[in-house]
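Below is one structure, written out as structure tokens; comments come after it.
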Amino acid sequence: MNETAIKILVAGPSGAGKTTLIQTLSQSPVVNTDVPCSTASRSTTVAMDFGQLQLDQYAIHLFGAPGQERFDFTWEVLLDGSLGVLLLVSGKDATHFPQARRMYDYLLSRNPVPLVLGVTHQDHPNCWDCKEVASYLDLDPAAALPINATNLESATELLVRLFDCVERA
Amino acid sequence: MAVAEELNSVLGRLRAAVPELSAALVATTDGLPIAHSLNAGDANRLAAMAATALGLGRRICETYGGGEFRETSVSGSEGQMYIYSAGSKAVLGVVARLGANVGLIHLEARDAASQVSQILERR
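Going down the list, the sequences are from chains A and B. Numbering follows my numbering, in which position 136 of the first sequence is assigned residue number 136; successive positions increment by one, without gaps. If you count the second sequence from 1, you need to add 169 to reach my numbering.
So, in structure tokens, the structure goes:
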């Protein structure tokens with residue numbers, strides 16, 4: 001990998017919008033490993049997503065982890081060498097928060113890299129406030145953003161926020 | 170005959186044909202076990218890993234222009250695991266100790282994978 005390429009891990013519970021975020025941000029065709037989900041009417045990632053973009057002088061490589069806990073062995077592999085983590089959580093369903101918490105602990109106990117939280121599904125009428133989700137995860141509210149994973153500007157804002165955290169760290 | 174029974178009998182025949190196998194399992198492409206015959210180990214874990222290997226294998230094949238993914242293998246100093254595509258919905262994984270007859274494993278397991286595929290596609 002060349003010196004200026006930066007690896008970022010996109011993690012979060014199933015259905016948070018990780019694959020969508022990578023598709024929104026990537027400037028090259030995304031490599032994904034989606035298959036139909038046996039337990040829900042959508043698709044699910046089984047190995048990884050991979051997308052690339054150029055932000056200012058940085059070449060950024062985005063690695064998306066599968067959300068379901070049975071694929072937790074991939075998280076550690078994908079985390080290796082990452083500069084930081086974008087943790088996505090759907091704000092429409094609080095039942096996903098404990099899994100986000102476990103994922104957060106799993107990742108940062110292995111490699112304490114900077115992490116920012118993106119709370120997705122903001123269009124949902126009962127979406128949780130991103131500060132509430134941050135407080136559930138014991139995260140600095142400044143490291144949390146409400147985002148729209150399908151919107152390039154919103155997704156880029158989350159990435160920029162991660163870079164701010166990296167600079168401060 | 171119920172699907173689970175049919176799949177179990179495919180796995181039973183496979184293990185009888187290749188006694189060196191210590192595990193054989195069928196999982197969904199999203200990593201849930203459907204049928205398994207293991208001497209030891211966790212079927213849920215193995216199923217998830219087989220699906221990951223299949224998913225990654227498919228994309229690797231696509232990327233280098235290898236056509237439709239068929240199989241992949243993971244070999245260690247003590248043993249090996251072979252992972253076969255079994256139609257659009259499933260994956261077949263078999264584990265063998267070191268020194269097992271790889272030719273025989275492939276011969277029998279490819280046949281078993283195609284039977285699994287037929288059983289599942291019929292539904």
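Glycine is no exception: its CB is placed at the ideal position from the N, C-alpha and C atoms.
- Query: Residues of chain B with CB under 7 Å from A/A47, in chain order?
  - Reply: T221, G224, L225
- Message: Between which two residues does the alpha helix (DSSP H) holding A/K18 run?
- Response: 18–25
- Message: Let me check understanding here. Comparing Cα to Cα, which of A/L83, A/A144, A/V77, A/S41 lies closest to A/I60?
- Response: A/L83
- Ordered list of alpha helix (DSSP H) runs contained in the segment 77–125 of chain A, each at least 4 residues: 97–110
- Apply the 10 Å Cβ neighbour rule to B/A171 and answer buried if 16 or more other Cβ atoms are within range, or exposed otherwise. exposed
- Query: Going by other Cβ atoms of all chains shown within 10 Å of its Cβ, with 16 needed for buried, is B/E277 buried or exposed?
  - Reply: buried
- With a cut-off of 8 Å, does the C-beta of A/R70 fall near any C-beta of chain B? yes
- Is there contact between the segment 54–68 of chain A and the segment 183–190 of chain B, where contact requires at least three CB pairs shorter than 8 Å? no
- Message: Can you list, in chain order, the residues of its chain with a C-beta nearer than 8 Å to that of A/T24? Leave out the 5 residues immediately preceding and following it.
- Response: A149, T150, N151, L152, A155
- Message: Within 10 Å of its beta-carbon, does B/G224 have 16 or more other beta-carbons around it, so buried, or fewer, so exposed?
- Response: buried
- Query: What in chain A is Cβ-close to B/R228, meaning under 9 Å?
  - Reply: V31, N32, T33, A47, M48, F50
- Query: So which residues of chain E does A/T44 contact, with C-beta pairs closer than 9 Å?
  - Reply: In the structure shown, chain E does not exist; the protein chains are A and B.
- Please name the residues in the segment 59–87 of chain A whose beta-carbon is closer than 8 Å to at least one beta-carbon of chain B, in chain order. P66, Q68, R70, F71, F73, T74
- Message: Can you list, in chain order, the residues of its chain with a C-beta nearer than 6 Å to that of B/C230? Leave out the 5 residues immediately preceding and following it.
- Response: F238
- Who does A/L9 pair with in a DSSP beta bridge? A/F63, A/V85
- Task: On the DSSP bridge assignment, give the partners of A/F50 in chain order.
- Result: A/V31, A/F63
- Within 10 angstroms of the Cβ of B/S254, are there 16 or more other Cβ atoms? Answer buried if so, exposed if not. buried
- Sequence-distant residues of its chain with Cβ nearer than 6 Å to A/E157 (five each side left out): none
- Task: Mind checking which residues open and close the alpha helix (DSSP H) that includes B/M170?
- Result: Taken as a continuous stretch (DSSP letters only), B/M170 belongs to no alpha helix (DSSP H), as it is neither H nor E.
- Item | Test item: CB-CB of B/V195 and B/A259 under 8 Å | yes
- From A/D138 to B/D280, what distance separates their C-alpha atoms? 52 Å
- Determine the direct distance from the alpha carbon of B/S191 to that of B/E262, and round the result to whole angstroms. One detail in the question is off: residue 262 of chain B reads as Gly in this sequence, not Glu. For B/G262 and B/S191, the distance between alpha carbons rounds to 11 Å.
- Message: Restricting to runs no shorter than 4 residues, where is the alpha helix (DSSP H) found entirely within the segment 181–247 of chain B?
- Response: 212–233
- For B/I252, which three-state DSSP category applies? strand
- Which class does A/S135 belong to by DSSP, given the choice of helix, strand or coil? helix
- Identify the continuous alpha helix (DSSP H) that holds A/S154 and give its terminal residues. 152–168
- Message: Is the beta carbon of A/A144 closer than 8 Å to that of A/V119?
- Response: yes
- Determine the direct distance from the alpha carbon of B/I252 to that of A/D129, and round the result to whole angstroms. 44 Å
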